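Residue numbers (this note's numbering): 1 to 439.
One structure below.
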């Protein structure tokens, strides 16, 4: 890991390095395009192809990128139904437990319609009609992401929920993903990934429906596509690549710190594992422990690349400075392994999720704690939140004024309208008021 000393240097580091360097992710799509281009330009060209060519464009893009086209794109319902039988019963039980805990957590936070009690005004909360969940599957069968996206949408009452996930070769998605789709309550499953999947769900093709909102994490090309289609379709946020910032003092166990950082690093070669420590000594202990644990890790090559590419250790003098660095970084996951962990919670402003103390391991939220593990990355936790049932509802203000309420407020509305020079607005009130008072 890189080493940064001092809170000011740490804050500057995250201001400068929170986004991937462009040169690290240039691509020509295995010859799909004549030049190596940025993720934004790549996604824009893919979107253009899908909008123009539909399913044929999806096939052309996939053939270039993966060497095959996964047509037909929809997974038969019989495959989804049989997936439960292909999994070990303990895995099915764990998925059911996760779904139940996520469901209960999301039900607590779902907003409700309300009225002021007189029926004059309030808010009506209604679910979206259709939602698509993007489930990464290129390097690992992330069945948990199915639970973490579909269950909140079900709690919100969404009419139709589809998922899309890349399938290996000319085959079906991993049985764990299909089983999770059945348990979570997804209505349809498509075997398609990448920016092209986002484009298809945003604009529709002959076989893939356009939806009202797309949610879920993804790589830099998926995230770029979500950013570009926003406005034509809703998105939950810009989520990925993953990141964890862990604050530790001398009371922390280096084994736990190393394990928590490795848990994120094994996701992706551009994942961002960050340690903010109160001493150089703890950094050295943790780095040694990381090396020891990586020796037997099946995905050690990916994790090592992540530590080399984007891993960083920031050394500060106290927990106040550590929190300053964390708030500036606005990480997806903020883990606090300090003696006074609970006392620091009040000072945390920016984080996708907060994990307090050594037993609140972030891996629990990845799978079974209850919150969705889809959380904002790349500093977007400064202004956005973890995925929840709230993402899948609309809140509409409702006015049902009677004549007395209208008369009480109308003159002030007219004064403000004229103050802005909008006399048509004022007249819309005046006509009603004058008729009411007989003028």
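We put the beta carbon where it would ideally sit given N, CA and C, even for glycine.
Fair warning: this is a prediction, and the values are worked out from it, not measured in the lab.
_Taking its Cβ as the centre, do 16 or more other Cβ atoms sit within 10 Å of residue 19, making it buried, or is it exposed?_
Flag for residue 19 reads exposed.
*Can you round the beta-carbon distance between residue 188 and residue 81 to whole angstroms, since I take them to be within the 8 Å contact cut?*
Taking C-beta atoms under 8 Å as the contact rule, residue 188 and residue 81 fail to qualify, at a distance of about 13 Å.
*Considering residue 147, what are the terminal residues of the beta strand (DSSP E) in which it resides?*
Careful: residue 147 lies outside any beta strand (DSSP E), inside the alpha helix (DSSP H) at 143-156.
*Run the CB neighbour count on residue 371, radius 10 Å, all protein chains shown included, and call it buried at 16 or more, exposed below.*
Burial call: buried.
*Out of curiosity, what's the CA-to-CA distance linking residue 26 and residue 113?*
Those two C-alpha atoms are separated by around 47 Å.
_Reference residue 339; option with closest CA among 351, 357 and 329_ = Put simply, of 351, 357 and 329 the residue whose alpha carbon is nearest the alpha carbon of residue 339 is 357.
*Are the CB atoms of residue 260 and residue 322 nearer to each other than 8 Å?*
Contact flag unset, no.
*asked:* For the stretch 160-176 against the stretch 81-92, do three or more pairs of beta-carbon atoms, one drawn from each stretch, fall closer than 8 Å, so that the two count as touching?
replied: Yes: the two stretches touch, three or more of their Cβ pairs being nearer than 8 Å.
_Please state whether the Cβ-Cβ distance between residue 30 and residue 56 is less than 8 Å._
For residue 30 and residue 56, no; Cβs fall outside 8 Å.
*For my contact list, residue 128 and residue 232 are in at a C-beta cut-off of 8 Å; report their separation, rounded to the angstrom.*
Not quite, the Cβ-Cβ distance comes to about 15 Å (not below 8 Å), so this is no contact.
*For residue 88 and residue 13, the rounded distance between their alpha carbons*: Between the alpha carbons of residue 13 and residue 88 lies a distance of about 45 Å.
*residue 267 to residue 252, Cα distance in whole Å?*
If you take the alpha carbons of residue 267 and residue 252, they lie about 24 Å apart.
*CB residue 152 to CB residue 351, shorter than 8 Å?*
Not closer than 8 Å, so no.
*When we look at the beta-carbon of residue 359 and count the other beta-carbons within 10 Å, is it buried (16 or more) or exposed?*
Counting every other CB atom within 10 Å of its CB across the protein chains shown gives residue 359 a total below 16, marking it as exposed.
*Output the distance between the C-alpha atoms of residue 479 and residue 123, rounded to the nearest integer angstrom.*
Residue 479 is absent from the structure shown; the chain starts at 1 and stops at 439.
*Which stretch, first to last residue, makes up the beta strand (DSSP E) that contains residue 230?*
Taken as a continuous stretch (DSSP letters only), residue 230 belongs to no beta strand (DSSP E), as it is neither H nor E.
*asked:* Beta-carbon within less than 7 Å of residue 413's beta-carbon, same chain only, minus the 5 sequence neighbours each way: which residues are those?
replied: Residues of the same chain with a CB within less than 7 Å of the CB of residue 413, apart from the 5 flanking positions on each side, are 429 in chain order.
_Classify residue 144: buried if its beta carbon has 16 or more other beta carbons within 10 angstroms, exposed otherwise._
In the assembly as shown, residue 144 is a buried residue. Its beta-carbon has 16 or more other beta-carbons within 10 Å.
*Within its chain, find whatever has a CB closer than 7 Å to the CB of residue 99; leave out the 5 residues flanking it on each side and keep chain order.*
Correct list, in chain order: 147, 151, 183 and 184.
*Verify whether the separation of the beta carbon atoms of residue 239 and residue 376 is less than 8 Å.*
A contact, by the Cβ cut-off of 8 Å.
*Just the Cα atoms here: how many angstroms apart are residue 270 and residue 314?*
A direct Cα-Cα distance of roughly 18 Å separates residue 270 from residue 314.
*Rank 396, 280, 332 and 400 by C-alpha distance to the C-alpha of residue 373 and give the top, closest one.*
Of 396, 280, 332 and 400, the residue nearest in Cα terms is 332.
*In its own chain, which residues sit with a C-beta less than 6 Å from the C-beta of residue 160, not counting the 5 before and 5 after it?*
So the qualifying residues of the chain are 130 and 187.
*asked:* Let's test the definition: count the other Cβ atoms within 10 Å of the Cβ of residue 296 and tell me whether it reaches 16, buried, or not, exposed.
replied: For residue 296, the number of other beta carbons within 10 angstroms of its own is below 16, and it is reported as exposed.
*What's the gap between the Cα of residue 223 and the Cα of residue 41?*
Straight-line Cα distance between these residues: approximately 12 Å.
*asked:* I'd like to know whether the C-beta atoms of residue 199 and residue 225 end up nearer to each other than 8 Å.
replied: Yes, they are a contact pair.
*Any idea which residues DSSP pairs residue 134 with across the strands?*
Beta-bridge pairing links residue 134 to 164.
*Cβ-Cβ distance between residue 302 and residue 278 below 8 Å*: Not in contact: residue 302 and residue 278 (Cβ atoms no closer than 8 Å).
*Nearest neighbour of residue 58, chosen from 243, 342 and 207 [CA to CA]*: Checking every option, the nearest Cα to that of residue 58 belongs to 207.
*asked:* With DSSP as the reference, identify every bridge partner of residue 277, one or two as the case may be.
replied: DSSP lists 248 and 315 as the bridge partner or partners of residue 277.
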